[in-house]
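Trainee: Those letters in the sequence shown? Residues 163 to 490, by my numbering. This is the structure I have questions about; it appears just below.
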Amino acid sequence: MPRWSDVPVLRRVEPFVVAILTAVAVAALLPAGGGVATGLSWGTTVGVGVLFFVYGARMAPAEAVAGLRNWRLQGAVAATTYVVFPLLGLLLSLLVGRFLDDGLVAGVLFLAALPSTVQSCVVFTAMAHGNVPGAVVSATVSNLAGIGVTPLLAALLLGSAGAGPDGGAVGRILLQLLVPFLVGLLAGRWIGPWVRAHRGPLTLLDRAVIVGVVYAAFSRGVRQGVWREVGVGEVAVVLGCAAVFLAAVLALAWWVPRLWGAGRADRVTIAFCGSNKSLATGLPMATVLFDPHVVGLVALPVILYHPLQITVCSVLATRLGRAPLLQG
C-alpha cells in the first residue's frame with residue numbers, strides 16, 4: 163500500500179514541482195550562456211542517455227509478461243494515450259492555434275503524444291483500489307512504446323508546423339534514447355535487481371537531470387528573446403487546454419470501458435494510466451526532437467500539465483479510495 167507521503171498533493175508542496183519552477187525562475191534571471199551553456203548541453207545529453215539506460219535496466223520481464231495477458235486493459239490504456247489524446251490535441255490546436263505562438267501549439271500537440279507516467283499513476287491506482295499489476299505493466303509498456311511512438315506521432319501531428327521535429331530527430335532518438343534503453347534492457351539481467359533496489363537514489367538522479375533540462379531549455383529561450391513573445395493570455399490558453407485534456411480523458415477513460423463490461427478495478431487503472439502524461443520522459447525527449455530555439459516553448463504545456471494532473475488525480479484517487487465498492 164502507498165504511504166500518504168507518496169502522494170504529492172497531500173504534502174504542502176511537491177519538491178519536484180518546486181525544483182522545476184525554481185529552474186524556470188533562475189533561467190529567467192540568470193540564463194546560462196557561453197561555456198556554461200555548452201557544458202550544460204553536454205551534461206544534459208549524457209544525463210538523458212543515462213536515464214533511458216536506467217529505464218531499460220529497471221524493467222522486470224516476468225512482471226511485464228503477466229500484465230500483458232489482460233489485453234483489453236492494455237489496449238484501452240494504449241488507445242487512450244496514443245489515439246484519444248492525439249485526436250483531442252489536434253482538435254484543440256485547431257481551436258486555439260490562432261491565439262498561440264507556433265512553439266506553444268507544438269507543445270500542446272507534443273503533450274498529447276507523450277506516454278503515461280510510471281510512479282504517480284501506479285500510486286493513484288493503488289489508492290483508488292484499482293488493478294495495480296495492470297497499472298505497472300500499462301505504464302511500463304506505454305513508456306517503452308513512447309520511445310518510438312511519440313516521435314512518430316509528433317512528426318505526424320506537426321508535419322506542417324515550423325516548430326516540428328527537425329530532420330535529424332530519428333537519428334538522435336536512436337542514438338540518445340533507444341540505444342541506451344536497449345543496452346539497459348540487456349544489462350538488466352545482471353544489474354536489474356540492484357537498480358530496482360536503489361530506486362530512491364536513482365529517482366533523485368532522474369529528477370536532477372530533468373531539472374537541468376528545464377534550466378537549459380528555458381535559458382536558451384531567454385537568451386534568444388523567445389519569452390518576450392509569450393503573454394499572460396497565452397499561458398492562460400495553454401492552461402485551459404491542459405484542463406480540457408485532463409477532464410475529457412478522465413471522463414472517457416472512466417465511462418467508455420463500461421461498454422464492454424470492464425470492472426471497477428480496471429476502469430480505475432485505465433482512467434489514471436490513460437490521463438497521466440510523463441514529464442520525466444517528455445522533457446528529455448523534447449530536447450532531442452525539437453530545434454533548440456523552440457524547446458522552451460514546447461516544454462511549457464508539459465510543465466503546466468504536470469501539477470494539474472497530480473492535483474486532480476490525487477483528489478480523485480483519495481475519493482475513490484474511500485468508497486472501494488462504488489460501481490458507478
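By construction, the Cβ of each residue, glycine as well, lies at the ideal position given by its N, Cα and C atoms.
Spatial neighbours of R234 within its chain, please: C-beta separation below 6 Å, excluding the five flanking residues on both sides.
Mentor: Indexing the sequence shown from 1 puts residue 234 at position 72. Within the same chain, R234 has no close Cβ partners at all.
Trainee: Name the two residues that bound the continuous alpha helix (DSSP H) containing P363.
Mentor: Indexing the sequence shown from 1 puts residue 363 at position 201. Here the alpha helix (DSSP H) through P363 covers R361 to R385.
Trainee: DSSP on H468, reduced to helix/strand/coil?
Mentor: Walking along the sequence shown from the start, residue 468 turns up at place 306. Here H468 sits in helix by DSSP.
Trainee: Please check the pair T443 and G308, which I expect to be a contact at CB under 8 Å, by giving their CB distance rounded to whole angstroms.
Mentor: Mapped onto the sequence shown, residue 443 falls at position 281. Mapped onto the sequence shown, residue 308 falls at position 146. Right, their Cβ atoms sit about 6 Å apart.
Trainee: Would you check if there are 3 or more beta carbon pairs closer than 8 Å linking the region 389-408 to the region 196-203?
Mentor: No, the region 389-408 does not touch the region 196-203.
Trainee: Does I472 pass the burial test, meaning 16 or more other C-beta atoms within 10 Å, or should it be called exposed?
Mentor: Numbered from its first residue, the sequence shown carries residue 472 at position 310. Looking at its Cβ environment, which holds 16 or more other Cβ atoms inside 10 Å, I472 is buried.
Trainee: Taking all protein chains shown into account, do 16 or more other C-beta atoms lie within 10 angstroms of the C-beta of G195, making it buried, or fewer, making it exposed?
Mentor: Looking up residue 195 in the sequence shown gives position 33. The residue is exposed, with fewer than 16 neighbouring Cβ atoms inside 10 Å.
Trainee: Taking the alpha helix (DSSP H) that A194 belongs to, which residues open and close that run?
Mentor: Your numbering for residue 194 matches position 32 in the sequence shown. A194 -> no alpha helix (DSSP H), and no H or E assigned at all.
Trainee: Rounded to whole angstroms, what's the CA-CA distance from G374 to P193? Just pull it up for me.
Mentor: Within the sequence shown, the letter at position 212 stands for residue 374. Within the sequence shown, the letter at position 31 stands for residue 193. Going from the Cα of G374 to the Cα of P193 covers about 12 Å.
Trainee: Does DSSP put G321 in a helix, a strand or coil?
Mentor: Start at 1 with the first residue of the sequence shown, and residue 321 comes out as number 159. Looking at G321 - three-state DSSP - the assignment turns out to be coil, as it is neither helix nor strand.
Trainee: Starting from S255 and walking both ways along the alpha helix (DSSP H), at which residues does that stretch end?
Mentor: As a first step, residue 255 is located in the sequence shown; it is residue number 93 there, counting from the start. Here the alpha helix (DSSP H) through S255 covers F247 to V258.
Trainee: Can you tell which of G269, L257, I353 and Y244 has its C-alpha closest to the C-alpha of V456?
Mentor: For this step, residue 456 is matched to residue 294 along the sequence shown. Closest option to V456, Cα to Cα, is G269.
Trainee: If F452 and P342 are in contact, beta carbons under 8 Å, what's the gap, nearest whole angstrom?
Mentor: Reading the sequence shown from its first residue, position 290 is the one you call residue 452. Reading the sequence shown from its first residue, position 180 is the one you call residue 342. That belief does not hold up - the Cβ atoms of F452 and P342 are roughly 19 Å apart, past 8 Å.
Trainee: Mind checking which residues open and close the alpha helix (DSSP H) that includes F434?
Mentor: The residue labelled residue 434 in the question sits at position 272 within the sequence shown. Taken as a continuous stretch (DSSP letters only), the alpha helix (DSSP H) holding F434 covers R426 to S437.
Trainee: Out of R426, G458 and A370, which has the shortest C-alpha to C-alpha gap to F380?
Mentor: Within the sequence shown, numbered from 1, the residue matching residue 380 stands at position 218. Closest option to F380, Cα to Cα, is G458.
Trainee: So, for A274: in the same chain, excluding its five sequence neighbours on each side, which residues have a beta-carbon less than 6 Å away from its beta-carbon?
Mentor: Within the sequence shown, the letter at position 112 stands for residue 274. Excluding residues within five positions, the ones whose Cβ falls inside 6 Å are F247, P248 and G251.
Trainee: If you count every other CB in all the chains shown that lies within 10 Å of the CB of R351, and 16 or more means buried, which is it?
Mentor: Position 189 of the sequence shown holds residue 351. It counts as exposed.
Trainee: Return the CA-CA distance between I465 and L266, expressed in angstroms with no decimal places.
Mentor: In the sequence shown, counting from the first residue as 1, residue 465 sits at position 303. In the sequence shown, counting from the first residue as 1, residue 266 sits at position 104. Each residue's alpha carbon lies about 12 Å from the other.
Trainee: For a test of the three-state rule: what should DSSP assign to L276, helix, strand or coil?
Mentor: Within the sequence shown, residue 276 is the residue found at index 114, counting from 1. In the structure shown, L276 sits in coil (DSSP, three-state: anything other than H, G, I, E or B).
Trainee: Could you tell me the distance, in whole angstroms, from the CA atom of V371 to the CA atom of L421?
Mentor: Counting from 1 along the sequence shown, the entry for residue 371 is found at position 209. Counting from 1 along the sequence shown, the entry for residue 421 is found at position 259. So the alpha carbons of these two residues sit roughly 42 Å apart.
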